[in-house]
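Worksheet: one structure, shown below.
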Amino acid sequence: MAKQRKPRAPAPDPAAAARLPWHPAAPPVPTALLISLAALLVRVLVSLGPYSGQGAAPKFGDYEAQRHWMELTLHLPSSDWYRNTSDNDLAYWGLDYPPLSAYQSLLHGRIVNAALPDAVALRSSRGFESPESKLLMRWTVLSSDLLVLFPAALWFVWAYMKDGIGVNGEERREGWTWLLAMVLINPCLVLIDHGHFQYNCISLGLTLGAIAGVLSRNEFVAAVLFSLAINHKQMSLYFAPAFFSHLLGKCLKRKYPIIEVMKLASVVLGTFALVWWPYLHSHEAALQVISRLAPFERGIYEDYVANFWCSTSVIIKWKGLFAIKTLKLMSLSATILAFLPSFVQQVKSPSNLGFLYSLMNSSFSFYLFSYQVHEKSILLPLLPASLLALKEPQLYGWFVYFALFSMYPLICRDQLLLQYIAVLGLFFLLYYSPGGSHGKRLNIPHGTKVVLSLPFLCSLFLHIAYLQIEPPKRYPFLFDALIIFICFLQFFILTLYTNYKQWMLDTHSRSIGVKKDL
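Using this note's numbering, you'd call the opening residue of the sequence shown number 129 and step up by one each time.
This is the structure in structure tokens:
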């Protein structure tokens, strides 16, 4: 009887053999491209809707502000961009962002002017609205997103997964697509930039690139990118304590700490000097720009924002009881005290995961306690929260929901309710998709779950009540106040939790003997 041959084992796949441990099983480039295209499609669909202040003369809204800045930077010399002149009425949407934002307006203004000059004509274009101008303006935001935020998100996910920050082997192989989707399809950012109309994608994209630079040990690149982010929107300073403490902590643990600090400082100062060059010829010109960036006369808060000062103003009338100078000192002290524990931890024990927690804690501190916070500033702590989505999926899902809810009155004013429902639904479809990290279960007692469900049930009621129930005439903003108070409580609890998690990293590192990434 003939001896039966054993079937030959299949030859090993060379591509699989060469694959790095953190690579997903599927080729990463096509998958990343599909996710990016899906994120772009969501933005395009949202941009078809109305924008801030559409048809609402005489001051309109943020759309008109951005168009007006294109008009000013296109026709006036840079010396007049921040000064009150006959052609630049600062009372009508005066430029109040740093010079890099002005240069961006100039670039976009030239593009719009080439296609539709009437839309940015000096003086005569005030309040200009047309389908063609809307298309051009929307295109400028979409292109900014594609050129800045999208590449930064891809770089971050690559750096995060390559280093395996706080994730196990299975998450490193499978979780990168979910993480990329969480970063790119952030419903709050999509609605504000492509619905309401702003360019947060540029400053947040530059910040995200700087974070990726830190994780991939390109610290000089990170210093340049974060300096540019600050020079695009001064709110990027919300992240400054995290960057400063993390990089300082690394430098102090190296052989020549003073030289390392001086090298980074020279990169930062050189970047600032290049951006501010047109205003460095005189002390007066620089101070004129700075005065526009810090409008303290507007008060400690505007509209309804889910931070400490606005949420407690129902009980304590901060604006009536204290002068602006006193309020500035109080908000500064509260902000420093809030980010100080996170700051100290990173100087003492810098690590990549600790850096991501520190970014969230620092930005939360500014959002909750600093002076002149807008409801849209919640986008800043949302950025590091999205970067921690694999590590803290429950936190991120909860935060996204209440961050979006905190902007619900603004969304309703902009008539973007349909877009609000659509992007929120899409986000949670992706959030609960197979392969996501939502499946990590926390051991939460039943009683705690009941307590946590109360703000969610209240938010569902307020979603309907805000639209259908007339508030008492004595309290016309009752529902606005309830919305921000509920959201403030969630944000305050979240920042306590993330500060605790950051400090626990030291205990965890000592117990397993992890070497810090320097």
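Glycine included, C-beta positions come from ideal geometry on N, C-alpha and C. As the structure is a computational prediction, the values presented were derived from the model and not from experiment.
{"Query": "C-alpha distance - Pro385 paired with Trp526, whole-angstrom precision", "Result": "40 angstroms"}
{"Query": "Beta-bridge pairing of Val501 - partner residues as DSSP gives them", "Result": "Tyr429"}
{"Query": "Distance, Val501 Cα to Ser534 Cα", "Result": "13 angstroms"}
{"Query": "CB contact below 8 angstroms: Phe284 versus chain D", "Result": "No chain D is part of this structure, which consists of one protein chain only."}
{"Query": "First and last residue of the uninterrupted alpha helix (DSSP H) at Arg602", "Result": "Note, Arg602: premise wrong, no alpha helix (DSSP H); not H, not E."}
{"Query": "Counted within 10 angstroms of its Cβ, other Cβ atoms place Tyr628 as buried (16 or more) or exposed", "Result": "exposed"}
{"Query": "Neighbourhood of Arg238 by C-beta distance below 6 angstroms, restricted to the same chain and skipping five residues each side", "Result": "none"}
{"Query": "Span separating the alpha-carbon of Cys586 from that of Leu161", "Result": "39 angstroms"}
{"Query": "Rounded separation between Met265 and His196 - CA only", "Result": "12 angstroms"}
{"Query": "Nearest-angstrom Cα separation, counted from Pro521 out to Trp150", "Result": "The predicted position of Trp150 is uncertain, since its pLDDT is 41 and thus under 50; a value taken from the coordinates is nonetheless stated next. Distance between the alpha carbons of Trp150 and Pro521: 20 angstroms."}
{"Query": "Selected residue, minimal CA-CA separation from Glu257, among Leu588, Arg426, Glu192, Lys456", "Result": "Glu192"}
{"Query": "4-residue-minimum alpha helix (DSSP H) runs that sit fully inside the region 345 to 375, ordered along the chain", "Result": "347 to 360"}
{"Query": "Tyr179 - containing alpha helix (DSSP H), residue span", "Result": "Where Tyr179 is concerned, there is no enclosing alpha helix (DSSP H), given that its DSSP letter is neither H nor E."}
{"Query": "Exposed unless 16 or more other CB atoms sit within 10 angstroms - verdict on Ala350", "Result": "buried"}
{"Query": "Identity of the residue in Leu511, Gly398, Pro537 nearest Val311 by Cα", "Result": "Leu511"}
{"Query": "Coarse secondary structure for Pro478, derived from DSSP in three states", "Result": "coil"}
{"Query": "Span of the alpha helix (DSSP H), counted from its first residue to its last, around Arg195", "Result": "190 to 203"}
{"Query": "Asp224 vs Leu408 beta-carbon contact at 8 angstroms", "Result": "no"}
{"Query": "Residues near Leu484 by beta carbon distance below 6 angstroms, same chain, minus five either side", "Result": "Pro512, Leu515, Leu516"}
{"Query": "Minimum C-alpha distance to Leu365 - residue among Phe556, Cys615, Tyr495, Leu392", "Result": "Tyr495"}
{"Query": "Ala517, DSSP secondary structure in three states", "Result": "coil"}
{"Query": "Every unbroken alpha helix (DSSP H) within the region 220 to 293, with a cutoff of 4 residues, ordered by chain", "Result": "227 to 243, 259 to 272, 278 to 291"}
{"Query": "Euclidean distance between Cα positions of Arg147 and Ser344", "Result": "The predicted position of Arg147 is uncertain, since its pLDDT is 44 and thus under 50; a value taken from the coordinates is nonetheless stated next. One C-alpha to the other measures close to 19 angstroms."}
{"Query": "The region 599 to 619 contacting the region 416 to 430, beta-carbon criterion three pairs below 8 angstroms", "Result": "no"}
{"Query": "Close beta carbons around Met198, own chain, < 7 angstroms, minus the five adjacent residues each side", "Result": "Ser233, His236, Gly237, Val240, Val248"}
{"Query": "Stretch-stretch touch, CB-based, cutoff 8 angstroms, three pairs: the region 471 to 487 with the region 439 to 452", "Result": "no"}
{"Query": "Per-residue DSSP class, three states only, for Phe450", "Result": "coil"}
{"Query": "Span of the alpha helix (DSSP H) around Thr335", "Result": "328 to 343"}
{"Query": "Status (buried if at least 16 other CB within 10 Å, exposed otherwise) for His101", "Result": "Only positions 129 to 646 of the chain appear in the structure, and residue 101 is not among them; the question remains open."}
{"Query": "Residues of its chain near Ala340, where Cβ-Cβ distance is below 7 angstroms and the 5 sequence neighbours each way are ignored", "Result": "Ala280, Trp283, Phe284, Ala287"}
{"Query": "Which of helix, strand or coil DSSP assigns to Leu408", "Result": "coil"}
{"Query": "Exposed unless 16 or more other CB atoms sit within 10 angstroms - verdict on Thr623", "Result": "buried"}
{"Query": "Close Cβ partners of Trp209 (< 7 angstroms) along its chain, the five nearest in sequence each way excluded", "Result": "Leu200, Thr201, Leu223, Ala230"}
{"Query": "Close beta carbons around Met632, own chain, < 7 angstroms, minus the five adjacent residues each side", "Result": "none"}
{"Query": "Leu319 vs Val174 beta-carbon contact at 8 angstroms", "Result": "yes"}
{"Query": "DSSP-derived helix/strand/coil call for Arg382", "Result": "coil"}
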